[in-house]
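Down below is the structure, laid out as structure tokens.
Protein chains in written order, with the numbering used here: chain A, 5 to 340; chain B, 11 to 157.
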């Protein structure tokens, strides 16, 4: 008490206990509580010293009796919790800052979503209107230039959408649940087949794959990985795409998506997951270079990892882990 | 179908021009009333202010509603439409730039009948307007106007 209050032992003896706290009434209540309940535990009080220094203490007390069960006094101990209170306060402040930063980011994305696309619609729309109304009076080169304007505009629209998706998967609150990955993959590939009826893709999906995760986010992963498999096999007359599980020596059980498309040069594999990095020219295979960065963010938010193997003209395999991955059939011991 | 009015609530003159063009391209010849902000939209729907003296038979077959509007925002307009017994049954199609989840949820929450995101590609937009016109002006039976 001497250290807490800055008073000497003699000064303290006989002086009312409550005087040394910032909230005397609360201090008084603690004493009444000991007497009525026979004990108090972790009762927080702030002691104020003579020099004004405040110390937060956690106060524990219990009554003691003689052999005839007559009250003899109170055992009390106060533990200095100032530091842990300070840390707690700091965490609270940081959390508040994070929340406000997140809100700002969300407001920014919201504005991008509304305001950045509107001018693009005007550029594309009036270019098309011009082509419709005056196209016949413009030389071929002029029409071609305007078509370039339109393509660039639409690409910009795609870039905005993909960037918004990337930011959304970061902000989104996760809703974890048991997810049937095999069914999800079948659903996604069903859509791909519908959208690309001219393609001949032989598809294999391992049955019984499941994981605990956010189904909407996991869908984004599969849409991107399987969509890439479709895209990068587009020059194969008969393409093969498969999804299943393997046991990776380093990462343990992992999902994989494999295709026999154009593949990639293994020396660039680190660049694959960096936003806006592309390994193919736009005319070859269109894309914004944001898809794999988005996948990586989703997987990392699930506490997993994603990596790739590939060889030019010999296809690519993308692997990802999710901590709670399971298969109804036992995971194969070696890579297929 | 051409006696059925379309109320287009849109502040961006480019979007107004492009929407009118898309309607024309699809041979949708209905009268289109354009409200440049939420306040004007509500005045038209309730025959007040600038539309004092209009009769309720001029109520639109469908309201095409942008969300980002000056003065009174789109969601506020939607809330006001649903809160007013004279207008609460009007079909409202949200036609806007964003597909932000919170816009979609808030729109349906307030009773939007449909939510369409305007695509950047004008030809896709023309197609969207064609389907929208076919559905809301031809197929869909709008509620009667209560007087």
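Yeah, the Cβ is synthetic: ideal placement off N, Cα and C, and Gly gets one too.
For residue 112(B), the uninterrupted alpha helix (DSSP H) run begins and ends at 111-119, by DSSP. Residue-level contact by beta carbon fails for residue 159(A) and chain B, as no gap is shorter than 7 Å. In this structure, residue 294(A) sits near residue 170(A), with a CB-CB distance shorter than 7 Å. The beta carbon of residue 30(A) lies closer than 8 Å to those of 49 in the same chain, with the five residues before and after it left out. By the Cβ-count criterion, residue 306(A) is buried, with 16 or more other Cβ atoms from all chains shown falling within 10 Å of its own Cβ.
Contact between residue 88(B) and residue 117(B) holds, with the beta-carbon distance rounding to 7 Å and staying under 8 Å. Here the stretch 133-146 of chain A does not lie against the stretch 185-198 of chain A, with fewer than 3 beta-carbon pairs under 8 Å apart. Within the model, the alpha-carbon separation for residue 68(A) versus residue 20(A) is close to 20 Å. With respect to chain B, the C-beta atom of residue 124(A) has a partner C-beta closer than 7 Å. About 4 Å separates the beta carbons of residue 106(B) and residue 77(B), which is inside the 8 Å limit, making them a contact pair. Between the alpha carbons of residue 103(B) and residue 92(B) lies a gap of roughly 13 Å. Of all alpha-carbon atoms in 53(A), 35(A), 18(A), 318(A), the one lying nearest the alpha-carbon of residue 11(A) is that of 53(A). Where residue 136(A) is concerned, the enclosing alpha helix (DSSP H) starts and stops at 121-138. In the DSSP annotation of this structure, the continuous segment of the beta strand (DSSP E) that includes residue 84(A) starts and ends at 75-84. Listed in chain order, the beta strand (DSSP E) elements of length 3 or more contained wholly in the stretch 245-313 of chain A are 256-263. The count of Cβ pairs closer than 8 Å, one atom from the stretch 119-134 of chain A and one from the stretch 90-101 of chain A, stays below three, leaving the stretches out of contact. When the beta-carbon positions are compared, residue 281(A) and residue 244(A) stay at least 7 Å from each other.
DSSP, read as helix, strand or coil, puts residue 205(A) in strand. Straight-line spacing of the CA atoms in residue 25(A) and residue 108(A) works out to 41 Å. For the stretch 109-133 of chain A, the beta-carbon criterion of a distance under 7 Å to any beta-carbon of chain B is satisfied by 114, 117, 118, 121, 122, 124, 125, 126, 128, 129, 132, 133.
The residues 170, 173, 174, in chain order, have a CB closer than 8 Å to that of residue 301(A) in the same chain once the five nearest residues on each side in sequence are set aside. About 7 Å separates the beta carbon of residue 143(B) from that of residue 33(B), a gap short enough to meet the 8 Å contact definition. In the displayed model, residue 217(A) falls within a strand according to three-state DSSP.
Counting the other CB atoms within 10 Å of its CB gives residue 228(A) a total of 16 or more, which places it among the buried residues. Rounded to whole angstroms, residue 265(A) and residue 258(A) show a C-alpha spacing of 21 Å. Its chain contains 299, 302 as the residues whose beta carbon lies nearer than 6 Å to that of residue 225(A), once the 5 sequence neighbours on both sides are disregarded; these appear in chain order.
Residue burial is scored here from C-beta neighbours: residue 56(A) has fewer than 16 other C-beta atoms within 10 angstroms and is therefore classed as exposed. When DSSP states are grouped into helix, strand and coil, residue 78(B) belongs to the coil group. Exposed is the label assigned to residue 149(B), since fewer than 16 other Cβ atoms lie within 10 Å of its Cβ. Burial check for residue 212(A): the Cβ neighbour count within 10 Å stays below 16, so the residue is exposed. Of 318(A), 254(A), 237(A), 324(A), the smallest CA-CA separation from residue 289(A) is found for 237(A). Against chain A, a Cβ distance below 8 Å from residue 31(B) picks out 129, 133. Within the stretch 90-121 of chain B, contact with chain A at the beta-carbon level (separation under 9 Å) is assigned to 106, 107, 108, 109, 110, 111, 112, 113. Less than 7 Å separates the beta-carbon of residue 40(B) from that of residue 14(B). Using a Cβ distance threshold of 7 Å, residue 49(B) and residue 61(B) do not count as a contacting pair. Collapsing the DSSP output to three states places residue 152(B) in coil.
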